[in-house]
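Taking it in order: structure first as structure tokens, then the write-up.
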DNA sequence: GGTGTTTTGTAGTGATTGATACAAAAATAA
DNA sequence: TTATTTTTGTATCAATCACTACAAAACACC
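Chains as they are written, first to last, in the working numbering: chain A, 1 to 198; chain X, 1 to 198.
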């Protein structure tokens with residue numbers, strides 16, 4: 001019948017670990033961005049030749065999409081915890097911003113890979129891919145936010161997306177973790193105060 | 001003596017208007033970004049050939065720097081008005097964010113050209129140029145902010161830069177003007193509430 | 001008119017981009 | 001062994017990038 005084995009049995013075996021390569025590619029895309037990372041850079045970093053690269057990943061754009069999804073899964077913000085059922089919306093937002101501050105300021109590649117990738121790129125298709133992932137994240141945020149406060153969900157989601165973009169930009173510009181946490185707290189205070197006043 | 005006439009008299013006259021070309025280039029760089037805008041795009045849009053382009057502007061990077069400075073001068077936020085002496089800092093910040101919301105959501109090219117250009121580019125030199133302009137803007141913001149509240153100037157400047165990046169990103173993602181104004185108000189409320197609590 | 005200066009259009013530079021043609025190599029299956 | 005399948009390395013491909021060599025053209029000055 002249909003054989004959907006993940007690793008093909010016949011033929012010459014792959015000389016490198018695909019998951020390892022994916023992890024390395026993720027780090028490189030995050031650090032340098034889609035345009036600034038060439039296939040030559042990638043193949044050299046992975047220690048493979050172009051034909052092996054294309055056989056394993058299809059194209060630069062396909063690899064980018066796969067890497068973005070991997071990033072979401074591994075490094076995505078824990079919205080479920082931040083906005084667990086019963087949490088007041090301002091607290092949930094404050095928690096999420098705090099998570100973002102810590103995540104965006106950590107590691108070698110700073111900022112959010114999806115948000116930064118969704119901005120103007122030389123290759124329009126790459127920007128479209130990143131924006132699609134960002135929209136998917138936004139949709140999930142909206143669901144969780146609506147679970148805490150239905151009436152203000154649209155507004156709060158817009159504000160969350162904007163604030164995460166700001167936090168990501170500041171992180172990328174080298175802001176230290178402690179300071180970024182303060183920024184997160186101030187931004188969260190904004191929505192809290194605004195909703196109280198309304 | 002030394003002749004520093006702006007327009008050279010001798011020789012074949014330039015067949016195009018340099019200032020007009022500069023304005024067109026600014027619009028194009030703002031809309032497409034440094035990497036996505038090729039010399040071929042530029043020369044075609046300006047109706048000139050590459051030698052005329054390089055004779056007039058030196059290089060793509062020099063034109064970019066000139067365009068960024070022109071953008072600052074023409075479309076820069078009016079910090080002097082927003083933060084006129086005697087203005088309470090929260091009000092000054094609220095005014096500035098309101099200006100930013102209106103400016104970033106207007107015209108064909110949305111968002112702040114300097115902030116968007118300061119992010120990862122394929123050509124590192126272009127990013128450096130934009131970041132230098134952003135730092136210059138930041139320095140000026142800091143002076144004006146310190147004129148209103150010395151003790152909180154550093155913190156407020158960091159928050160202003162982060163919020164402007166967020167507003168720019170949301171504008172670029174298509175947020176409508178009215179909604180962006182609300183975002184600006186919420187972000188300003190954050191700093192106001194934070195400073196009151198301290 | 002003649003000379004000097006600058007811009008013009010034509011055509012093309014070398015470098016880099018993402019992506020491949022091809023055949024040898026290395027595995028399984030019969 | 002022999003056949004089949006897949007990956008490998010070598011050596012490119014055409015397209016695009018920012019940029020320029022060169023000579024004719026178009027001006028000011030004498």
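Positions of the beta carbon are idealized from the N, C-alpha and C atoms, including for glycine.
Using beta-carbon distances, residue 170 of chain X counts as an interface residue toward chain A, with a partner under 7 Å. Residues of the stretch 176-190 of chain X with a Cβ closer than 8 Å to any Cβ of chain A, in chain order: 179, 182, 183, 185, 186, 187, 188, 189 and 190. Setting aside the 5 residues that flank it on each side, residue 176 of chain A is surrounded in the same chain by 105, each with a C-beta closer than 8 Å to its C-beta; the list follows chain order.
Contact check for residue 109 of chain A and residue 30 of chain A: beta-carbon distance about 4 Å, within the 8 Å limit, so the pair qualifies. Chain A has no Cβ within less than 7 Å of the Cβ of residue 59 of chain X. By the 16-neighbour rule on beta-carbons within 10 angstroms, residue 178 of chain X is exposed. Cβ-Cβ separation between residue 113 of chain A and residue 183 of chain X: approximately 23 Å, too far for a contact (criterion under 8 Å). Per the Cβ contact rule, the stretch 123-139 of chain X is not in contact with the stretch 185-197 of chain X (fewer than 3 Cβ pairs under 8 Å). The Cβ-Cβ distance between residue 191 of chain X and residue 145 of chain A does not fall below 7 Å. For residue 174 of chain X, the number of other beta carbons within 10 angstroms of its own is below 16, and it is reported as exposed. The CB of residue 137 of chain A never comes closer than 8 Å to any CB in chain X; the least such distance is about 13 Å. Annotation for residue 78 of chain A: 99 place their beta carbon closer than 7 Å to its own, counting only its chain and skipping 5 residues before and after. Within the same chain, 29, 34, 126 and 129 come within 7 Å of residue 64 of chain X by CB-CB distance, once the 5 residues on both sides are set aside. Listed by position along chain X, the residues whose Cβ is nearer than 9 Å to that of residue 113 of chain A form an empty set, because the closest Cβ is around 11 Å away. The C-alpha of residue 156 of chain A is placed about 11 Å away from the C-alpha of residue 143 of chain A.
Closest option to residue 18 of chain A, judged by alpha-carbon separation, among A:181, A:43 and A:36: A:43. If you look at residue 90 of chain X, you'll find it in the alpha helix (DSSP H) that goes 89-104. The alpha-carbon separation between residue 45 of chain A and residue 153 of chain A amounts to approximately 43 Å. With 16 or more other Cβ atoms from the protein chains shown falling within 10 Å of its own Cβ, residue 60 of chain A counts as buried. Between residue 76 of chain X and residue 83 of chain X, the C-beta gap is not smaller than 7 Å, which leaves the two residues out of contact.
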